[in-house]
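So the structure is just underneath, and the comments pick up after that.
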Amino acid sequence: MAASSTSRARRFPGSLLPPTRVQELPMTNSKTLAAVLLGVAAQAVAGLCHAQGVTIGGTAAEGETAGFMAMFAGDRFDNFRHMERFVPTSTMSASPDPWDLGENQDTLAYSGPFLGSDVALQAFIELSNTSSLLVIRDGQIIYEHYGRGDSRDSLHTSFSVAKSFTSALVGVALAEGHLDDLDDPVRKYLPELTSPTFDGVTIRHVLQMSTGVRFNETYTDPDSDINTMTTQVPPLTYLQYINTLQRDHAPGSFNHYASINTQLLGILLVQVTGESLTDYMTSRLWHPLGMEQRGLWTLDGEGIELAMGGLAASARDYAKLGLLYLNQGRRGERQLLPADWVRESVTPNEPHLMPGDNPASSNPSGYMYQWWTPRDWDGDFLARGIWGQTIFVHPRNRVVIVKLAADPQNFDSTMKLAYIDYLQDLAQSLGDD
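Going by my numbering, 363 is the number at position 353 of the sequence shown; the sequence numbering is gapless.
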């Protein structure tokens, strides 16, 4: 989809971000908690721990009182509903044309396998520290649960679920001609990306988490890249920081989940559209999708949206992204995303992206354009974020499930996969009648 030179968006020097609407951080809040919560992408955790003399260590299996888990243990459910208290945010206003999903039909009774036992849905909600669970079938809400202080109107942070929204915006930018082709080198649009690490890296590679960049995303390791990044950005811009990274694999040969790839997509979108991510999201997705509540997007200290994580929305509004993809990019009669883009986005089509025991991937789940597929793939796909956030879509049974949580067990890989398996089994069960 070619664009003329006159349609190219102007470039923004320095931070590469035009002015955006910012929710100021209240001065009365705890600086310690602010620093922790600014780590929506785990960005500030290492710096906080150093300042407070906290040692991060272990996994979820060691309990909520250990290191990283302890920082959120006290009021994490309330914190995840009120990120704007602690971090700067921008705002997507509620849609003037809200999409009413109707009332809960409350027709679901389910029990299924979970870690070797048969577990009823309500018990699963408790076991997984879930605060909101929404199940939609054929466009009807058949189950809607709120607990632990959540309500229908709560804006719950979703961490890396934001990656799937960012991916959708890339699809919009491609359709609008801001990008010519996914196989274009990223440098075509970002000549400031000068590191040889990104030689031969295309937009498609970035979408697929297949750039080959060396990036350690172990949240509980204070020396990991996702944590030490906080000491680098600022003073460096994100693009300058990205230029310091090394390469482990040839582009397009290995799937390695690295949030910095999504941040690069965010920089790319700002560069080619001439709009902040917040404004582009508002006009292209938030309003057209009929989001009934406002949405918040966490900003870093320089006022840049965390494309890699940090959206806050209601469970019903998260479900609308799932419904958009379930319906091949349409809301009613309006095509918001090209159907071909939707199909491509959620269908692994190269060896290193396939689910299962894959030597060319660091994860048993499959991957495509910032969307995951379960390890036992049934044409289904999901957006997911740490602490248990999920938008699960099962096209064959026309099911969308939204799960919002504050679950430290989700850092354990076995538990994370078990949660996905349970949701998949739930969705599959809804095709039996």
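All C-beta atoms in this analysis are idealised placements derived from N, C-alpha and C, irrespective of residue type, glycine included.
Are the CB atoms of residue j and residue i within a distance shorter than 9 Å?
| i | j | result |
| --- | --- | --- |
| H404 | Q380 | no |
| D116 | I152 | yes |
| A268 | F225 | yes |
| L179 | V216 | no |
| L189 | R197 | no |
| A393 | S164 | no |
| M93 | G305 | no |
| F90 | L414 | yes |
| L347 | A185 | yes |
| R95 | A416 | no |
| L333 | V410 | yes |
| S286 | H166 | no |
| T308 | V171 | no |
| S220 | E227 | no |
| R214 | D193 | yes |
If we ignore side chains and look at the alpha-carbon of each, how far apart do residue i and residue j end up?
| i | j | result |
| --- | --- | --- |
| S423 | T400 | 15 Å |
| H155 | D310 | 32 Å |
| S263 | T272 | 18 Å |
| Y429 | G112 | 27 Å |
| G276 | T176 | 7 Å |
| M378 | T357 | 6 Å |
| Y290 | Y199 | 18 Å |
| R257 | G222 | 6 Å |
| T65 | W397 | Any reading at T65 needs caution, since the residue's pLDDT is 31, under 50, leaving its predicted position unreliable; the model's value is listed next. Between T65 and W397, the C-alpha separation is close to 20 Å. |
| N39 | T99 | Unreliable positioning characterises N39 in this predicted model, as indicated by a pLDDT of 38, which lies under 50. A coordinate reading is not provided. |
| Y248 | I314 | 9 Å |
| P232 | G395 | 20 Å |
| F402 | I146 | 10 Å |
| Q218 | N265 | 7 Å |
| V182 | A322 | 21 Å |
| G389 | D350 | 15 Å |
| F134 | M425 | 12 Å |
| L118 | G187 | 44 Å |
| S355 | G210 | 21 Å |
| L316 | T288 | 10 Å |
| S371 | W382 | 13 Å |
| T292 | Q303 | 12 Å |
| D407 | T238 | The question names Asp, but residue 407 is Asn in the sequence shown. Each residue's Cα considered, the two are about 43 Å apart. |
| L440 | I270 | 37 Å |
| P361 | Q132 | 38 Å |
Going along the chain, which residues of its own chain have a beta-carbon closer than 6 Å to the beta-carbon of residue i, five neighbours each way excluded?
| i | result |
| --- | --- |
| H251 | Residue 251 is actually Tyr in this sequence, not His. The residues are Q242 and V243. |
| M364 | P358 and G376 |
Smallest Cα separation from residue i: which of the options?
| i | options | result |
| --- | --- | --- |
| P418 | Y229, Q150, L336 and G187 | Y229 |
| D160 | S142, F169, I270 and S375 | S142 |
| L169 | G366, A416 and G320 | For the sequence presented, residue 169 should be read as Phe rather than Leu. Out of G366, A416 and G320, G320 has the C-alpha closest to the C-alpha of F169. |
| W109 | R326, P195, L200 and S286 | R326 |
| D431 | L111, L125 and T99 | L125 |
| G342 | G149, A119, D88 and S138 | G149 |
| T212 | F96, D231 and D191 | D191 |
| H297 | A104, R86, D85 and L287 | A104 |
| L144 | V412, S127 and R214 | V412 |
| P369 | H259, A183 and Y120 | H259 |
| L278 | N237, N407, P195 and S293 | P195 |
| P374 | P232, L427 and A172 | L427 |
| N206 | L316, P261 and G181 | In the sequence as displayed, the identity of residue 206 is Pro instead of Asn. Selected option, being the one with the closest Cα: P261. |
| L137 | N420, P361 and G187 | N420 |
| R86 | Q132, S127 and N139 | N139 |
| Y328 | M425, N407, R408 and G300 | G300 |
| M318 | S220, G210, I236 and R408 | I236 |
Starting from the C-beta of residue i, find all residues in its chain whose C-beta is less than 7 Å away, skip the five residues before and the five after it, and write them out in chain order.
| i | result |
| --- | --- |
| V352 | Y335, Q338 and G339 |
| P123 | D435 |
| A61 | Unreliable positioning characterises A61 in this predicted model, as indicated by a pLDDT of 32, which lies under 50. The coordinate reading is nonetheless provided below. If we look at A61 and ignore the five residues flanking it on each side, it has no Cβ neighbours. |
| R385 | P365, G366, P374, S375 and L427 |
| W387 | P365 and G376 |
| Q345 | G339 |
Among the residues of its own chain, which have a CB less than 8 Å from the CB of residue i, if the five just before and after it don't count?
| i | result |
| --- | --- |
| D88 | G159 |
| L246 | T254 |
| A130 | Y120 and S121 |
| N114 | I151, I152, Y153 and E154 |
List the DSSP bridge partners of residue i.
| i | result |
| --- | --- |
| V410 | I146 and V403 |
| V223 | R257 |
| S127 | F124 |
| N265 | S371 |
| H155 | L143 |
| W382 | Y377 and L392 |
| T167 | A322 |
| R214 | According to DSSP, which records beta bridges pairwise, R214 is partnered with nothing at all. |
| P358 | P358 is not bridged to any residue. |
| P195 | T212 |
| R353 | R353 is not bridged to any residue. |
| E94 | The partner list for E94 (beta bridge, DSSP) is empty, contrary to what the question assumes. |
With a threshold of 9 Å between beta-carbons, can residue i be considered close to chain B, or not?
| i | result |
| --- | --- |
| Y229 | The displayed structure is made up of one protein chain only, and chain B is not part of it. |
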